[in-house]
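Down below is the structure, laid out as C-alpha cells.
Protein chains: 2
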Amino acid sequence: MFDLKTPYLLFLGHEANPLAIKTSRGIAQWRPDLCIGENGSQLTLDLPKFNPREAAEKGARTFVIGLTNTTGEISKGWIPDILAAIDAGLDIANGLHQRLRDIKEIRVAAERKNVRLHDVRHQFGELPIGTGQKRSGKRMLMVGTDCSVGKMYSALAVEREMKSREFNVDFRATGQTGILIAGEGVPIDAVVSDYIAGAVEHLCPASNDAHWDVIEGQGSLFNPAYAGVSLGLLHGAQADVLVMCHEAGREQIKDKPGYAIPDMQDCIETNLKMARLTNPEARLGAISLNCRLVGADQANRLCHELEEQFSVPCFDPMIHGAGGFIDLLS
Amino acid sequence: MFDLKTPYLLFLGHEANPLAIKTSRGIAQWRPDLCIGENGSQLTLDLPKFNPREAAEKGARTFVIGLTNTTGEISKGWIPDILAAIDAGLDIANGLHQRLRDIKEIRVAAERKNVRLHDVRHQFGELPIGTGQKRSGKRMLMVGTDCSVGKMYSALAVEREMKSREFNVDFRATGQTGILIAGEGVPIDAVVSDYIAGAVEHLCPASNDAHWDVIEGQGSLFNPAYAGVSLGLLHGAQADVLVMCHEAGREQIKDKPGYAIPDMQDCIETNLKMARLTNPEARLGAISLNCRLVGADQANRLCHELEEQFSVPCFDPMIHGAGGFIDLLS
Numbered sequence: 032m033f034d035l036k037t038p039y040l041l042f043l044g045h046e047a048n049p050l051a052i053k054t055s056r057g058i059a060q061w062r063p064d065l066c067i068g069e070n071g072s073q074l075t076l077d078l079p080k081f082n083p084r085e086a087a088e089k090g091a092r093t094f095v096i097g098l099t100n101t102t103g104e105i106s107k108g109w110i111p112d113i114l115a116a117i118d119a120g121l122d123i124a125n126g127l128h129q130r131l132r133d134i135k136e137i138r139v140a141a142e143r144k145n146v147r148l149h150d151v152r153h154q155f156g157e158l159p160i161g162t163g164q165k166r167s168g169k170r171m172l173m174v175g176t177d178c179s180v181g182k183m184y185s186a187l188a189v190e191r192e193m194k195s196r197e198f199n200v201d202f203r204a205t206g207q208t209g210i211l212i213a214g215e216g217v218p219i220d221a222v223v224s225d226y227i228a229g230a231v232e233h234l235c236p237a238s239n240d241a242h243w244d245v246i247e248g249q250g251s252l253f254n255p256a257y258a259g260v261s262l263g264l265l266h267g268a269q270a271d272v273l274v275m276c277h278e279a280g281r282e283q284i285k286d287k288p289g290y291a292i293p294d295m296q297d298c299i300e301t302n303l304k305m306a307r308l309t310n311p312e313a314r315l316g317a318i319s320l321n322c323r324l325v326g327a328d329q330a331n332r333l334c335h336e337l338e339e340q341f342s343v344p345c346f347d348p349m350i351h352g353a354g355g356f357i358d359l360l361s
Numbered sequence: 032m033f034d035l036k037t038p039y040l041l042f043l044g045h046e047a048n049p050l051a052i053k054t055s056r057g058i059a060q061w062r063p064d065l066c067i068g069e070n071g072s073q074l075t076l077d078l079p080k081f082n083p084r085e086a087a088e089k090g091a092r093t094f095v096i097g098l099t100n101t102t103g104e105i106s107k108g109w110i111p112d113i114l115a116a117i118d119a120g121l122d123i124a125n126g127l128h129q130r131l132r133d134i135k136e137i138r139v140a141a142e143r144k145n146v147r148l149h150d151v152r153h154q155f156g157e158l159p160i161g162t163g164q165k166r167s168g169k170r171m172l173m174v175g176t177d178c179s180v181g182k183m184y185s186a187l188a189v190e191r192e193m194k195s196r197e198f199n200v201d202f203r204a205t206g207q208t209g210i211l212i213a214g215e216g217v218p219i220d221a222v223v224s225d226y227i228a229g230a231v232e233h234l235c236p237a238s239n240d241a242h243w244d245v246i247e248g249q250g251s252l253f254n255p256a257y258a259g260v261s262l263g264l265l266h267g268a269q270a271d272v273l274v275m276c277h278e279a280g281r282e283q284i285k286d287k288p289g290y291a292i293p294d295m296q297d298c299i300e301t302n303l304k305m306a307r308l309t310n311p312e313a314r315l316g317a318i319s320l321n322c323r324l325v326g327a328d329q330a331n332r333l334c335h336e337l338e339e340q341f342s343v344p345c346f347d348p349m350i351h352g353a354g355g356f357i358d359l360l361s
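As given, the protein sequences belong to chains A and B, one line each in that order. To convert, count from 1 in the first sequence and add 31; that's my numbering. To convert, count from 1 in the second sequence and add 31; that's my numbering.
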C-alpha cells in the first residue's frame with residue numbers, strides 16, 4: 032500500500048486555527064517516536080522546530096502535510112514549504128484530497144530530486160470485491176453513533192494497551208490520519224463503492240488465531256451521508272468484537288441539521304444485527320465514551336451508567352485508557 | 032450526466048452465450064423504439080441486422096456495446112466492429128468497466144471522425160456529499176433480497192404502468208443497463224464511497240409534489256460484498272415507497288457460498304428500519320417476485336401467499352405486470 036519512510040517532519044502550515052493541525056496532532060500524540068520535529072506555523076505540538084534541511088540532517092525522511100481543511104486542497108501558501116522539503120531530499124506525504132502529483136512544480140521538483148510523493152487518499156492499488164468468506168484471526172472494529180467521535184483514538188488506545196500486554200496486535204487504518212500514523216492502510220472513503228467490503232477484507236486478511244486486528248472505523252450507520260461506508264466496513268471486517276464510540280453531550284449528527292444522535296441501545300443493536308451477516312459471533316466488547324465536552328468529573332458517572340445498562344466496560348480512552356476493557360478481553 | 036444520441040445500433044459481440052447480451056436484451060425489451068437494429072453475433076434479439084454503415088444510413092446515432100462479461104474488459108475481438116462503427120460516424124456507448132478512451136486506436140479513430148465515446152460507468156462529473164435534507168416530490172426505490180433478482184425490470188415495469196396512467200414519473204437508472212435504457216443516470220457502484228448517498232440525492236433531486244422518481248436499486252443489505260452500496264442508495268433515495276424484489280426459488284446469495292437468501296420478513300423490516308433514517312414515512316408498497324425459476328404455474332400461488340403475509344400487492348413484472356400495484360398507489 033504505502034511505504035512511508037520515517038522519521039517524519041510534521042508540517043503545521045501557517046494558520047492560527049488549532050483544528051487545522053488535527054492530523055499532525057494525532058501523529059505526534061500516538062507516534063511521538065516517529066516525529067523528529069515540526070515546521071511552520073505559530074502553533075506548536077511541542078516538538079523541536081526544524082526547517083527541512085535541519086530535519087534532514089537529524090535523520091528525517093518524510094515531510095508530512097498533517098493538515099486538514101474543508102476544501103481538501105493543498106494551499107498555495109504551503110508550496111514554498113513543500114518545495115523546500117523536496118529540496119532537502121525529504122519524501123512528501125499528503126492526506127488531503129488534492130494530489131501532490133497534480134501540482135506541476137511539486138511533481139517536477141520531486142522528479143528532479145528523486146523523492147517520493149505519497150498521496151495517501153489516492154494510492155491503494157487494485158482492490159478485490161468482498162467475498163464474505165470466513166477468515167481466521169480475531170478482529171475488533173470501532174463503530175460509532177456519528178463521525179468524529181473518537182474511533183481512531185479508541186482504536187489506538189486499545190492497540191497500545193494490548194501491545195503493552197504482549198498481545199499479537201495490529202492497528203488497521205482506514206482514514207488519512209490513521210494511515211500516516213500506521214504508515215499503511217486503506218482510505219476507505221476514497222474507495223469505489225463496489226469495493227468497500229473487499230477493501231476491508233484486503234486490509235485485515237486472514238491471520239493466525241491468536242492475532243488481533245484493531246480496525247479504525249468510519250462514519251456511522253446513522254449518518255445519512257456516510258452510512259454506506261460504515262456498513263461496508265462492518266461487513267468486510269467480520270469483527271468478533273465491536274467497540275461503540277460516542278461523544279458524551281453531542282446531540283446532533285455532525286453537519287446534518289435535523290438528525291439526532293441515535294439512541295445508544297438502537298445503535299448497538301443495529302450494528303450487531305448488521306455485523307452478524309458476516310460474523311454471527313459478533314459481540315459488543317466495550318463502549319468508548321469521548322468526554323471532551325463534559326469533562327472528567329462527569330465522565331466517571333456517565334461511564335458507570337453505560338456499564339450498568341449494557342454490561343460491558345465503558346471508558347474514555349484519554350481519561351481512563353483501555354485497560355479495564357483489555358482486562359476482560361480474551 | 033450523459034447525452035446519448037438515439038436511435039441505437041445494438042452490438043451483440045461474437046459469443047454464443049446468451050447471458051453475454053443481457054444488456055442489449057434489456058435495452059431492446061424496454062426501449063424497442065430506440066433500437067434501429069442489431070450487429071454481430073449469431074445470437075439475435077429479432078431486430079433487423081445492419082452493419083454500422085447501413086444503420087447510420089437508417090438514422091442510427093450510437094453504437095451500443097450492450098455486452099457483459101466477468102472481466103469487465105473490452106474484448107480485442109470487438110475492436111474491428113467498434114472501429115467500423117466509428118468509421119460510419121456513430122458515437123460509441125460502453126457500459127463495461129474498461130474505458131473506450133483507454134484503447135489508443137479507438138481514441139485516435141474517434142478523434143479523427145469527431146464521434147463521442149461514452150464510458151457510462153466512468154462519467155458522472157463532480158458529486159456532492161449527501162445532506163439528508165428532506166426534499167419534495169415522491170420517490171420509490173427497488174430493494175432486494177440479493178443482486179440480480181429483477182430490480183431494474185421491476186422499476187421499468189412500474190414506470191411503464193405509471194406512464195400509461197399519466198402519472199408524472201421518471202425512471203432513475205443506477206446501473207449500466209439502466210443508464211443505456213434511460214440515456215442518463217449514475218452508475219452508483221462506480222462512485223467513490225463517500226458520495227454514494229449524495230450521488231443518489233443528485234440523481235433524483237427535489238421535484239414537485241405530484242412527481243414520482245422510480246429508482247433502480249442495486250445489491251442488497253444482505254449481500255456481504257455490496258450492502259454498503261445498497262444502504263447509501265436507501266439513504267440517498269429518501270424513498271416514500273419501497274418495492275422488495277426477490278427471485279422465487281433462489282436459496283443462496285449469488286456467488287457467495289454459505290450465504291443464504293435472507294428471510295423475507297427480516298429483509299423487509301431491515302430495509303424499512305434503515306430507510307426511515309432519512310424518510311420516517313417510508314413504507315413497503317409491493318413485492319416484486321421474479322418467477323423465472325419456478326414458472327407461471329407457481330407464480331400465482333407464491334404471489335398470493337406473500338400478499339397474505341405482508342398485506343401488499345405481489346406481482347411478477349413479466350407475468351402479471353405492475354397494474355395491481357399501481358391501482359393502489361396514490
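Heads up, the beta-carbon is just placed ideally off N, CA and C, and yes, glycines get one too.
Cα-Cα separation between E312 of chain A and D271 of chain A, rounded to whole angstroms: Rounded to the nearest angstrom, the two C-alpha atoms are 6 angstroms apart.
Assuming G126 of chain A contacts L187 of chain A under a Cβ cut-off of 8 angstroms, what Cβ separation, rounded to an integer in Å, is found between them? Rounded, the Cβ-Cβ distance is 16 angstroms, inconsistent with contact.
Going by CA-CA distance only, name the one from A:W61, A:D225, A:S106 and A:N82 that's closest to E69 of chain A. The option with the nearest alpha carbon to E69 of chain A is A:N82.
Closest by C-alpha distance to E232 of chain B, when choosing among B:H277, B:H266 and B:V223: Ranked by how close their Cα comes to the Cα of E232 of chain B, the residues B:H277, B:H266 and B:V223 have B:H266 in first place.
Which chain A residues are close to I105 of chain B, counting only those with a beta carbon under 7 angstroms from its beta carbon? Correct list: empty, because the minimum Cβ distance to chain A is about 18 angstroms.
Could you spell out where the alpha helix (DSSP H) holding T93 of chain A opens and where it closes? For T93 of chain A, no alpha helix (DSSP H) segment is defined; the enclosing uninterrupted segment is the beta strand (DSSP E) at T93 to I96.
Under DSSP, the alpha helix (DSSP H) around G209 of chain A begins and ends at which residues? That run of the alpha helix (DSSP H) goes Q207 to A213.
Determine whether the beta carbon atoms of K372 of chain B and I58 of chain B lie at a separation below 8 angstroms. Residue 372 of chain B cannot be examined here, being either before or after the span of chain B that is shown, 32 to 361.
Would you mind telling me which residues of chain A sit closer than 9 angstroms to K287 of chain B, beta carbon to beta carbon, in chain order? Against chain A, a Cβ distance below 9 angstroms from K287 of chain B picks out G161, T162, G163 and Q164.
Measure the C-alpha to C-alpha separation of A140 of chain B and L114 of chain B and round it to an integer number of angstroms. The straight-line gap separating the alpha-carbon atoms of A140 of chain B and L114 of chain B is approximately 7 angstroms.
Put Y257 of chain B into one of helix, strand or coil per three-state DSSP. Annotated three-state conformation of Y257 of chain B is coil, per DSSP.
DSSP beta-bridge partners of N125 of chain B: DSSP output for N125 of chain B lists B:I96 and B:D150 as bridge partner(s).
Identify the continuous beta strand (DSSP E) that holds I67 of chain A and give its terminal residues. From DSSP, the beta strand (DSSP E) with I67 of chain A extends over C66 to N70.
Which residues in the same chain as D225 of chain A place their Cβ atom closer than 7 angstroms to its Cβ, once the five residues preceding and following it in sequence are excluded? Sequence-distant partners of D225 of chain A (beyond 5 residues in either direction) whose C-beta falls short of 7 angstroms from its own C-beta, in its chain, are I160.
Helix, strand or coil for D201 of chain A, going by three-state DSSP, please let me know. Secondary structure of D201 of chain A (DSSP, three-state): strand.
Against chain A, with Cβ distances strictly below 8 angstroms, would S167 of chain B count as a contact? Judged by the 8 angstroms Cβ criterion, S167 of chain B is not in contact with chain A.
8 angstroms Cβ cutoff met for L315 of chain A and M275 of chain A: For the pair L315 of chain A and M275 of chain A, the CB atoms are nearer than the 8 angstroms cut-off.
Is the CB-CB distance between T162 of chain A and R92 of chain A below 8 angstroms? At a Cβ-Cβ threshold of 8 angstroms, T162 of chain A and R92 of chain A do not count as neighbours.
Pairwise C-alpha distance: G168 of chain B and V245 of chain A: Rounded to whole angstroms, V245 of chain A to G168 of chain B spans 44 angstroms at the Cα level.
Three or more C-beta pairs closer than 8 angstroms, one from the segment 147–159 of chain B and one from the segment 247–258 of chain B: is that the case here? Contact between the segment 147–159 of chain B and the segment 247–258 of chain B is not established, with fewer than three Cβ pairs separated by less than 8 angstroms.
Helix, strand or coil, according to DSSP, for Q269 of chain B in the structure here? Reduced to three states, the DSSP call for Q269 of chain B is coil.
Neighbourhood of Y290 of chain A by C-beta, 8 angstroms cutoff - its chain only, sequence neighbours within 5 removed: Only F253, N254, P255, Q283 and I284 meet the Cβ criterion.
Count the other CB atoms, across all protein chains shown, that sit within 10 Å of the CB of A306 of chain B; report buried if there are 16 or more and exposed otherwise. Classification for A306 of chain B: buried.
By a C-beta neighbour count over all protein chains shown, 10 Å radius and 16 as the cutoff for buried, is P111 of chain A buried or exposed? That one is exposed.
Hey, quick one: how far does the alpha helix (DSSP H) through G163 of chain A stretch, first residue to last? Looking at the DSSP string, G163 of chain A is not in any alpha helix (DSSP H), and its letter there is neither H nor E.
Option nearest Q60 of chain B by Cα separation, candidates B:G263, B:P348 and B:S195: Of all alpha-carbon atoms in B:G263, B:P348 and B:S195, the one lying nearest the alpha-carbon of Q60 of chain B is that of B:P348.
With 16 as the cutoff for other CB atoms within 10 Å, does L359 of chain B come out buried or exposed? Exposed.
Interface partners of G229 of chain A on chain B, CB under 9 angstroms: Going along chain B in sequence order, the residues near G229 of chain A (Cβ under 9 angstroms) are A256.
Interfacial residues, the segment 306–327 of chain B to chain A, with Cβ spacing under 7 angstroms: For the segment 306–327 of chain B, the set of residues with a beta-carbon nearer than 7 angstroms to any beta-carbon of chain A comprises L308 and T309, in chain order.
Got a sec: does the ligand ADP put a non-hydrogen atom nearer than 7 angstroms to the Cβ of E336 of chain B? No copy of the ligand ADP appears in this structure; indeed no ligand is present at all.
Going along chain A in order, which residues have a C-beta closer than 8 angstroms to the C-beta of F253 of chain B? Listed along chain A are L308, each with a C-beta nearer than 8 angstroms to that of F253 of chain B.
Do you know offhand how far A317 of chain A's Cα is from G181 of chain A's? Cα-Cα distance, rounded: 14 angstroms.
Counting C-beta neighbours from all protein chains within 10 Å, is the total for H277 of chain A 16 or more, i.e. buried, or is it exposed? So H277 of chain A ends up on the buried side.
Looking only at DSSP bridge pairs, what is L40 of chain A linked to? L40 of chain A pairs with A:G68 and A:F94.
If contacts are defined as beta-carbon pairs under 8 angstroms, then R166 of chain A and Q269 of chain A qualify, I think. What distance do you get, rounded to the angstrom? Contact annotation, R166 of chain A with Q269 of chain A: C-beta distance approximately 7 angstroms; criterion of less than 8 angstroms satisfied.
Going by Cα to Cα distance, which pick from A:L40, A:L78 and A:N100 is closest to L121 of chain A? Checked all of A:L40, A:L78 and A:N100; the closest Cα to L121 of chain A is A:L40.
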